Amino acid sequence: MARTKQTAKRSTGGKAPRTQLAKKGREAPSFKKPHRYKPGTVALREIRKYQKSTELCLRKLPFQRLEASEAYLVSILADTNLAAIHAGRVTIRPKDMQLASRLRGERS
4 MARTKQTAKR STGGKAPRTQ LAKKGREAPS FKKPHRYKPG TVALREIRKY
54 QKSTELCLRK LPFQRLEASE AYLVSILADT NLAAIHAGRV TIRPKDMQLA
104 SRLRGERS
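Add 3 to a position in the sequence shown, counting from 1, and you land on the number used in the numbering used here.
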């Protein structure tokens with residue numbers, strides 16, 4: 004393809020720049036907007052606050068109940084896994100859970 008020189012093209016009109024209309028309708032609001040921090044600033048401040056403090060974030064008794072329930076679930080699932088392995092399987096099934104709870108004496 005042959006190279007050609009580029010020549011300046013005349014403008015064919017296009018859009019004319021918009022003129023500013025009188026700002027009659029825009030007035031300053033009568034109340035001031037409340038100050039807002041950038042996203043994440045307050046979160047970082049809270050992180051620093053809680054890292055400095057020595058108080059507990061959660062109350063003792065609800066946290067103790069959570070820990071106890073987690074320990075119970077871990078131990079019953081460990082026993083269930085042993086029952087499944089004893090049956091020659093890898094996947095635990097409801098009957099393994101029932102056997103584990105019967106051996107523990109929880110359900111008669």
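For glycine and all other residues, C-beta sits at the position ideal for the given N, C-alpha and C. Being a predicted model, the structure only gives us computed values, none of them experimental.
Item                                                                                                     : Value
As assigned by DSSP and simplified to three states, the class of residue 40                              : coil
Counted within 10 angstroms of its Cβ, other Cβ atoms place residue 83 as buried (16 or more) or exposed : buried
Simplified DSSP assignment, three categories, for residue 58                                             : coil
Candidates 79, 33, 94, 68: closest to residue 101 by CA position                                         : 79
Opening and closing residue of the alpha helix (DSSP H) in which residue 88 lies                         : 63-89
Buried versus exposed, by CB contacts within 10 Å (16 or more), residue 87                               : buried
Alpha helix (DSSP H) segment containing residue 104, residue limits                                      : 97-107
Three-state secondary structure (DSSP) of residue 52                                                     : helix
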